[in-house]
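J.: Residue numbers (UniProt numbering): 1 to 596. Ideal Cβ positions, reconstructed from N, Cα and C, are used throughout, including at glycine.
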Amino acid sequence: MIFGKYVNRFYKKYWLYLVTGFVFLAIVDIAQIAIPVLVGNAVSIFSNQDSIEYFFNAPLFDPNGIGYFIMAFLGIAVVMFIGRMVWRLAIYKVGVLVDFDLRDQMFVHAEELSVTYYKKQKVGTVMSLFNNSLVSVKDCFMDGIVMMVDGFIMAPMVVVFMFLNNWVLALVSLVPLTIMMICCIVVDKGMTARYEDQLSAFERLSDYTQEAMSGYAVIKAFVKEAKNMLTFAKLNQENKDTNMAYLKYSVTLNMLIELLINSGFVLVAFIGVQVILNFENYDIGSLVEFIGLLDTAIWPFIALGQVIMIRARGKAGLNQVSEFLDAKKELVDTSSSDVVFKGEITFKNFQFQYPDGNASVLNNINLHIKAGQNIGIVGRTGSGKSTLVKTLLKIYNVSEGTLFFDDHDICSLSSKTVRDNIGYVAQNAFLFSDLIEENIAFGDSDSRDDNRVKSAAEFACVSDSIERFKDGYKTLIGERGASLSGGQKQRVAMARAIYKDPAILILDDSVSAVDSETEKSILENVAKLRNGKTTLIVSSRVSVVEHLDGIIVLSEGKIVGFGTHSELMKTCKEYSRVVELQRLEKEEGLSYGQSR
């Protein structure tokens, strides 16, 4: 058994299953002890020539008759069958329920953790927690509990019967059994450390494998298969070495147990003969009974060793699970009633710094966006464009200043309320390995409106591409939308946001992978569809935002300009410089194309 703040509650929650399992397991253990006692009595009867004839002719319920022995063995078999079935259903069910509850708790916690956590932890590391670490904890609540009960209930009972049989042989037998227990306790600490090393090595291997599989196209493009294989081989070797280190402890312990068990049998056989010769009332049947009891005692004492190994793995797994569940949510969330935004956004003396950063990324942001406006955001790479719009999603806490939606301070709103009112489309669109229609209606699949799905796809200029697929909207796309082109993925992601029809729509450089004609059509459709609703469009291309109601110009985390295209051309040097550079780039591109 293992204890910790994340598993202690299960002993109380599932106490009925545990008690039921303990009781029936104890009944089975008692029945097992009865078998060598009966066998010993039978041998004693057969060793006496005068008792053999009576044995076959005795009344049915006579303890010295064959009928009694047959009924006793049949009764024991039935009791053990029913008992084993009940305790396995009860105790193993606890293991399954603990795994279910912990897995559910971990998944909910994983969704609540901040973006910063996932920047520090790789996907493979988190996945190994849901696989190896949880399985180790689950085993403690299944085989671990069974072995513990056998070890701490059956072992003492067998020892009592051994002393009742013959105290000399019992003392002799306890010597190797006690040494075996001590070896298990000594090895426990080393096994726990080796298993933790094993889990860490497997995490690193999982991380790299997952990353390599995701980036296989890049690896092939740069012909780095050999280098990739060398790195994998190194990590795989580390994983093998840690497994072997743990295996050495395990094999050593098992060999010691086997050696001590065999030594015990040899001692009992040798001394047992002397006991028969020197004890008047001790016969061959009693010795057979004792050897049977010793054989029965081997399993609970082995179970004590095995439970230490399972507990060592469980402790290591629980430590990692606890570390994950202890990871604090950096976002300070509140419970608030559902609020429907009108679309007004106000920044007042707003400043933002990433939780793991040393300097502010956004400084002294003062901005007012009216409900229903279409606003563009431009600036150089690293100017803070994406950071500005992501602060609207309440992914991070407000560092300094205030941010209002209509008259509501973002700090007074729950993250759910904020995100229910906002649709966000990132440059690197993420799609699930599911049907296209399910991706578009994401979060609303139970009440999906197929007409809305098709309408959203049309507005995102992706309907024609979808309908060219054999299964149309029911086409199953690969992991992360692998079967779609970059432009198609962006447009499906945009259709997903349009389907949601939020009060505020954010397009974070989300038309960068489409051609200029499609880009123009998408923006025109968005303007028509979202007439009267707020839309923010982040782009590095001025052509995307120049016709909008207003344009925000960012430079080094500060707003250096805000106005229409014509106003900014007159008042903002940064904006006019970007416009001129992009005009020259376009002209050079055209002249290059004409010269060809």
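Note the first and the last residue of the continuous beta strand (DSSP E) segment covering residue 602.
T.: This structure gives no information on residue 602, because the portion of the chain shown stretches from 1 to 596.
J.: Determine the closest residue to residue 597 out of E258, G65, F202, F163, with distance taken between C-alpha atoms.
T.: Because the chain in this structure spans residues 1 to 596, residue 597 falls outside the shown range and cannot be described.
J.: Going by Cα to Cα distance, which pick from L435, K470, R468 is closest to V453?
T.: Among L435, K470, R468, the Cα nearest to that of V453 is on L435.
J.: Helix, strand or coil, according to DSSP, for Y396 in the structure here?
T.: The answer is coil: DSSP assigns Y396 none of H, G, I, E or B.
J.: Indicate the three-state DSSP secondary structure (helix, strand or coil) for L89 in the structure shown.
T.: Three-state DSSP puts L89 in a helix.
J.: For S563, which three-state DSSP category applies?
T.: The residue you asked about is not Ser; residue 563 is Gly in the sequence shown. Strand at G563.
J.: At which residues does the beta strand (DSSP E) containing V137 begin and terminate?
T.: Segment 134 to 140 is the alpha helix (DSSP H) holding V137; no beta strand (DSSP E) there.
J.: Would you call the stretch 113 to 123 and the stretch 389 to 402 touching, i.e. three or more CB-CB distances under 8 Å?
T.: These segments touch.
J.: Three or more beta-carbon pairs under 8 Å between the stretch 297 to 304 and the stretch 142 to 151, yes or no?
T.: Result yes; three or more Cβ-Cβ pairs closer than 8 Å.
J.: Relative to the alpha-carbon of K13, which residue among L235, Y68, L97 has its alpha-carbon at the smallest distance?
T.: Checked all of L235, Y68, L97; the closest Cα to K13 is L97.
J.: In whole angstroms, what separates the C-alpha of K520 from that of S483?
T.: Their Cα atoms are separated by approximately 25 Å.
J.: Quickly, what does DSSP pair T535 with across the bridge? List them, please.
T.: BP columns for T535 point to N374, L505.
J.: Please name the residue in F10, A26, S414, N374 whose C-alpha comes closest to that of W87.
T.: Minimum Cα distance to W87 is reached at A26.
J.: State the DSSP-derived secondary structure class of I2, mapped to helix, strand or coil.
T.: DSSP places I2 in coil when its eight states are reduced to three.
J.: Work out the CA separation of G264 and V123 for me, nearest whole Å.
T.: Approximately 51 Å, taken between the alpha carbons.
J.: Would I377 pass as a contact of L523 if the rule is Cβ separation under 8 Å?
T.: No, they are not a contact pair.
J.: First and last residue of the alpha helix (DSSP H) that includes S555?
T.: Not the alpha helix (DSSP H): S555 falls in the beta strand (DSSP E), residues 550 to 555.
J.: Jot down the residue ranges of each uninterrupted beta strand (DSSP E) in the stretch 273 to 331, minimum 3 residues, whole runs only, in chain order.
T.: Counting whole runs of 3 or more residues, the stretch 273 to 331 contains no beta strand (DSSP E) stretch at all.
J.: Any idea if A226 is buried or exposed, counting beta-carbon neighbours within 10 angstroms, 16 or more meaning buried?
T.: Label assigned to A226: exposed.
J.: Can you look up N358 in the DSSP assignment and give me helix, strand or coil?
T.: Three-state result, N358: coil.
J.: Which residues in the same chain have their Cβ closer than 7 Å to the Cβ of V158, if we skip the five residues on either side of it in sequence?
T.: Closer than 7 Å at the Cβ level, and outside the excluded window around V158, lie I33, L293, T296, A297, P300.
J.: Relative to the C-alpha of C140, which candidate in E258, Y11, A527 has its C-alpha closest?
T.: Among E258, Y11, A527, the Cα nearest to that of C140 is on Y11.
J.: Among I179, K119, L548, I552, whose alpha-carbon lies nearest the alpha-carbon of H368?
T.: That would be I552, whose Cα lies nearest to the Cα of H368.
J.: For I30, report the span of its alpha helix (DSSP H) as first-last.
T.: From DSSP, the alpha helix (DSSP H) with I30 extends over 15 to 46.
J.: Run the proximity test for L435: is its beta-carbon closer than 7 Å to any non-hydrogen atom belonging to the ligand MN?
T.: This structure simply doesn't include the ligand MN, nor any ligand for that matter.
J.: Could you give the first and the last residue of the continuous beta strand (DSSP E) run that contains G486?
T.: Here G486 belongs to no beta strand (DSSP E); instead the alpha helix (DSSP H) covers 486 to 500.
J.: I'd like to know if the stretch 250 to 267 and the stretch 227 to 242 are in contact, where contact means that at least 3 CB-CB pairs between them fall below 8 Å.
T.: Taking 8 Å as the limit for Cβ pairs, the verdict is that the stretch 227 to 242 does not touch the stretch 250 to 267.
J.: Can you give me the start and stop residues for the beta strand (DSSP E) that I466 sits inside?
T.: Unbroken run through I466 is the alpha helix (DSSP H), 463 to 467; no beta strand (DSSP E).
J.: Cutting at 8 Å between CB atoms, please list the residues of its own chain near V94, excluding the five before and the five after it.
T.: Excluding positions up to five away in sequence, the list reads F10, Y14, Y17, L18, G21, F141, M142, I145.
J.: Assign I422 to one of three DSSP states: helix, strand, or coil.
T.: Strand.
J.: Enumerate in chain order the residues of its own chain whose CB-to-CB distance from N525 is below 6 Å, with the five nearest sequence positions on each side excluded.
T.: Around N525: F459.
J.: Among S485, R204, F350, which residue has its Cα nearest to the Cα of D409?
T.: It is F350 whose Cα lies nearest to the Cα of D409.
J.: What are the boundary residues of the alpha helix (DSSP H) that V115 is part of?
T.: Unbroken alpha helix (DSSP H) run through V115: 115 to 120.
J.: What are the start and end residues of the alpha helix (DSSP H) that includes A527?
T.: Note, A527: alpha helix (DSSP H), 516 to 529.
J.: Work out the CA separation of G472 and E517 for me, nearest whole Å.
T.: Roughly 24 Å between the two C-alpha positions.
J.: By how many angstroms is the C-alpha of K119 removed from the C-alpha of A316?
T.: Looking at the two C-alpha atoms, the distance is approximately 24 Å.
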